[in-house]
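Since the structure comes first, as structure tokens, the remarks are kept for the end.
Residue numbers (mature numbering (1 follows the signal peptide of the UniProt record, and there is no 0)): -30 to -1, 1 to 37.
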């Protein structure tokens, strides 16, 4: 035989479940970041030449052409 639970305890569990559900919905509605796009760069964009022999990372983590 079950003992009746106090209403406050049931309300607490209900509130906890609602907060979990709200957290799940908020993460599902988060915006998806825009996909990165490739850009064609050449000498007219400030590169020393139009040939790139290797790529490196700058201190922010972006790809940087090395000639």
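The beta-carbon is built from N, C-alpha and C at its ideal position, and this holds for glycine as well.
- Of the candidates -9, 7, 6, -9 places its Cα closest to the Cα of residue -1.
- C-alpha of residue -25 to C-alpha of residue -4: approximately 33 Å in a straight line.
- With respect to the 9 Å criterion, residue 6 and residue 17 are not classified as neighbours on the basis of their beta carbons.
- Put simply, the backbone Cα of residue 11 is about 41 Å away from that of residue -6.
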